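Asks: This structure is in structure tokens; I'll ask about it shortly.
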Amino acid sequence: MPVIKTLLILFMLLCNTFTGGAQNVSTTNQYAETDQIALKIPAAQAKSAEGIARYINSTFNKEEDKLRAAFIWVAANIDYDIDNIFAIDPNENAENRIAKTFALKKGVCIDYATIFHDICALCGIKVYVVSGYNQNKGITNYLSHAWCIVPVNGRWYGFDPTWGAGYIKDKKFVRHLDNEYYKTPPEQLVKSHMPFDPMWQCLNYIVTNAEFYDSKTEPNTSKPFFAYSDSIKVWDGQTETERYTAMARRIEGNGVKNSMIYDRLFHVKSKLKYMHDTMENNLYNAAALEYTEGVNNYNVFINYRNHQFNPIKPDAQLQGMIDKPNRNLKNARTTLTLIQEPVTATKALIATLVKSIDQIQQLVDDQATFLTKYLAKNKLGRKMMFTNLPSDDTRKL
-12 MPVIKTLLIL
-2 FMLLCNTFTG
8 GAQNVSTTNQ
18 YAETDQIALK
28 IPAAQAKSAE
38 GIARYINSTF
48 NKEEDKLRAA
58 FIWVAANIDY
68 DIDNIFAIDP
78 NENAENRIAK
88 TFALKKGVCI
98 DYATIFHDIC
108 ALCGIKVYVV
118 SGYNQNKGIT
128 NYLSHAWCIV
138 PVNGRWYGFD
148 PTWGAGYIKD
158 KKFVRHLDNE
168 YYKTPPEQLV
178 KSHMPFDPMW
188 QCLNYIVTNA
198 EFYDSKTEPN
208 TSKPFFAYSD
218 SIKVWDGQTE
228 TERYTAMARR
238 IEGNGVKNSM
248 IYDRLFHVKS
258 KLKYMHDTME
268 NNLYNAAALE
278 YTEGVNNYNV
288 FINYRNHQFN
298 PIKPDAQLQG
308 MIDKPNRNLK
318 NARTTLTLIQ
328 EPVTATKALI
338 ATLVKSIDQI
348 QQLVDDQATF
358 LTKYLAKNKL
368 GRKMMFTNLP
378 SDDTRKL
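Okay, so the sequence shown: first residue is -12 according to the numbering used here, each after it adds one.
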């Protein structure tokens, strides 16, 4: 699985309602042995996800140990960057941002989630970064959040290395490693974490945004059954456009309850429009290029004909010279048919291009007819075909 290329949207973790004091990794938790080994990663290897993954892969054999090692390293080594909560540049290169997080050992939730994702992916673990919002003790935070979803032994679990790292108190980050947000069952995670796309709830009975606000997150079997695992499999095989189309439908269907959901939906629809417009432009340009190639190949044929097909070429090669512009024009037409729901300006361009294609196609057809007759004749008959030709029969474009 490739290292994630994350579109940086404004995320923030608000956890000043958490309580507890700073502590080191617990020596009584069930992961203590794995934690202690994972936290011994040499500093020279802990400068990138690649370095950490190499250490983990060389140290642990079981996937669950690798998963835990990735989580505990991120939670224990990255401080929450309170000073830069609102300083996220959406245009910043994701790789540069993560490199800076490693260098400073500070970041916000999207950085925690991305680094955890990247380490896991490099360890061969399937993992997804999820964006959404959260609530604590019935109070909804009006700032976006990011966490991860991972399938483990056939079941899906939530992993939130940000909340697992500690909390904010008196505007300061307090390290407090919390296993409640490691391998959290979906039915438990949904009490505090609401994905924008309900597919990532990983629940067979989706909790609506309105229900989340009212803390009504218990399974409601009277609702339609949602085969989320199958939907994720479909997601894995979809194109980016297909993913965003399905995402927009699911987000809208689950209720636009707050400005965060609205902003996310707006972003998804804007991305869809951008992808549509980009594809539209690319298809039109590809069709125009095929048309231009067709004109060029037609002119090559005409130039050769004006020299009475000298120097002589094999018949098959001669036929290929007129087949080329035919293929170009056919490709141009086919490409234009792929443009769906073009905007008004593009419609006008398409109409003009189609007219030009029709014009050159007629000329190509005329030359193809001439060539068919030419190839059917003997040597003398072929020579006679070059006498008394109409002056416009061999014009170039």
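Quick reminder that beta carbons are idealized off the backbone N, C-alpha and C, glycines included.
As the structure is a computational prediction, the values presented were derived from the model and not from experiment.
In the segment 116 to 182, which residue ranges form an unbroken beta strand (DSSP E) of at least 3 residues, counting only runs that do not cross its ends?
Replies: Within the segment 116 to 182, the complete beta strand (DSSP E) runs of at least 3 residues are 132 to 139, 142 to 146, 153 to 156, 159 to 162 and 180 to 182.
Asks: Give the DSSP-derived three-state secondary structure of LYS364 in the structure shown.
Replies: LYS364: coil per DSSP, three-state reduction.
Asks: Which residue comes first and which comes last in the alpha helix (DSSP H) that contains LEU270?
Replies: Segment 246 to 293, the alpha helix (DSSP H) holding LEU270.
Asks: Would you mind working out which of GLY242, ALA235 and GLY145 sits nearest VAL194, comparing C-alpha positions?
Replies: The residue with the shortest Cα to Cα distance from VAL194 is GLY242.
Asks: Determine the direct distance from the alpha carbon of THR333 to that of THR324, and round the result to whole angstroms.
Replies: Cα to Cα, THR324 sits roughly 13 Å from THR333.
Asks: Classify LYS93 as helix, strand or coil using the three-state DSSP reduction.
Replies: Strand.
Asks: Could you tell me the distance, in whole angstroms, from the CA atom of ASP264 to the CA atom of ALA338?
Replies: Computed Cα separation, rounded: 18 Å.
Asks: Kindly identify the DSSP beta-bridge partner or partners of TYR67.
Replies: According to DSSP, TYR67 bridges with GLY94.
Asks: Does the separation of the CB atoms of ALA36 and ILE106 fall below 7 Å?
Replies: Yes, these two residues count as a Cβ contact at 7 Å.
Asks: If we count the other Cβ atoms within 10 Å of its Cβ and call it buried at 16 or more, is LEU362 buried or exposed?
Replies: Exposed: under 16 other Cβ atoms inside 10 Å.
Asks: So PHE199 is in the alpha helix (DSSP H); what residue range does that whole segment cover?
Replies: Looking at the DSSP string, the run of the alpha helix (DSSP H) that includes PHE199 is 196 to 200.
Asks: Do the segment 341 to 349 and the segment 267 to 286 touch if we need at least three Cβ pairs shorter than 8 Å?
Replies: Touching, yes, given that three or more Cβ pairs across the two stretches are closer than 8 Å.
Asks: I need the boundaries of the alpha helix (DSSP H) containing GLN32, first residue and last residue.
Replies: Looking at the DSSP string, GLN32 is not in any alpha helix (DSSP H), and its letter there is neither H nor E.
Asks: Compute the distance between the beta-carbons of CYS110 and HIS132, then report whether it is under 7 Å.
Replies: Cβ atoms of CYS110 and HIS132: not closer than 7 Å.
Asks: Under three-state DSSP, which class holds PRO312?
Replies: Helix.
Asks: Over what stretch of residues does the alpha helix (DSSP H) that includes GLN23 continue unbroken?
Replies: It spans 19 to 25 - the alpha helix (DSSP H) in which GLN23 sits, taken as one unbroken run.
Asks: Let me confirm a value: ARG142 is counted as buried when at least 16 other C-beta atoms fall within 10 Å, else exposed. Which label applies?
Replies: It counts as exposed.
Asks: Can you tell me which of LYS124, ASP147, ASP184 and THR88 puts its alpha carbon nearest to the alpha carbon of ARG55?
Replies: The shortest Cα separation from ARG55 among LYS124, ASP147, ASP184 and THR88 belongs to ASP147.
Asks: Determine, using beta-carbon pairs with one atom in the segment 238 to 258 and one in the segment 284 to 302, whether at least three such pairs fall under 8 Å.
Replies: No, they do not touch.
Asks: Report, in whole angstroms, the separation of the C-beta atoms of GLU267 and ILE326, which I expect to be a contact under 8 Å.
Replies: Going by Cβ atoms, the distance from GLU267 to ILE326 rounds to 5 Å, so yes, they are a contact pair.
Asks: Secondary structure at CYS107, three-state DSSP: helix, strand or coil?
Replies: CYS107 falls in the helix class under three-state DSSP.
Asks: What do you get for TYR98, buried or exposed, if any count of 16 or more other CB atoms within 10 angstroms of its CB means buried?
Replies: Before going further, note that residue 98 is Asp rather than Tyr in the sequence given. Counting Cβ neighbours within 10 Å, ASP98 comes out buried, since at least 16 surround it.
Asks: List the endpoints of the continuous alpha helix (DSSP H) containing GLU205.
Replies: Careful: GLU205 lies outside any alpha helix (DSSP H) and carries neither H nor E.
Asks: Can you give the Cα-Cα distance for GLN354 and ALA335, rounded to whole angstroms?
Replies: Each residue's Cα considered, the two are about 29 Å apart.
Asks: By Cβ distance, which residues of its chain are closer than 7 Å to LYS92, with the 5 residues on each side in sequence left out?
Replies: Only ASN64, ILE65 and ASP66 meet the Cβ criterion.
Asks: Report yes or no: do three or more beta-carbon pairs, one from the segment 116 to 130 and one from the segment 235 to 251, lie closer than 8 Å?
Replies: Judged by Cβ distances under 8 Å, the segment 116 to 130 makes contact with the segment 235 to 251, as three or more pairs qualify.
Asks: Using a Cβ-Cβ cutoff of less than 6 Å, which residues in the same chain neighbour ALA25 once the five nearest sequence positions on both sides are dropped?
Replies: Answer for ALA25: ALA56, ILE59 and TRP60, listed in chain order.
Asks: Can you tell me whether DSSP reads VAL341 as helix, strand or coil?
Replies: VAL341: helix per DSSP, three-state reduction.
Asks: Where THR127 and ALA273 are concerned, what is the direct C-alpha to C-alpha distance, given to the nearest angstrom?
Replies: Roughly 49 Å between the two C-alpha positions.
Asks: My output table needs one value for ASP52: the three-state DSSP class, helix, strand or coil.
Replies: Helix.
Asks: Given that a residue counts as buried once 16 or more other Cβ atoms are within 10 Å of its Cβ, and exposed if not, what is ILE299?
Replies: With fewer than 16 Cβ atoms within 10 Å of its Cβ, ILE299 is classed as exposed.
Asks: Which residue comes first and which comes last in the alpha helix (DSSP H) that contains THR228?
Replies: From DSSP, the alpha helix (DSSP H) with THR228 extends over 227 to 240.
Asks: State the DSSP-derived secondary structure class of SER13, mapped to helix, strand or coil.
Replies: A caution first: SER13 carries a pLDDT of 44, below 50, which makes its placement in the model unreliable, though a value can still be read off. It is coil, neither helix nor strand.
Asks: By how many angstroms is the C-alpha of ASN283 removed from the C-alpha of ARG369?
Replies: If I take the Cα positions, the gap works out to 25 Å.
Asks: Spell out a yes or no on whether the segment 156 to 165 and the segment 187 to 203 are touching, meaning 3 or more CB-CB pairs, one atom from each, closer than 8 Å.
Replies: Judged by Cβ distances under 8 Å, the segment 156 to 165 makes no contact with the segment 187 to 203, as fewer than three pairs qualify.
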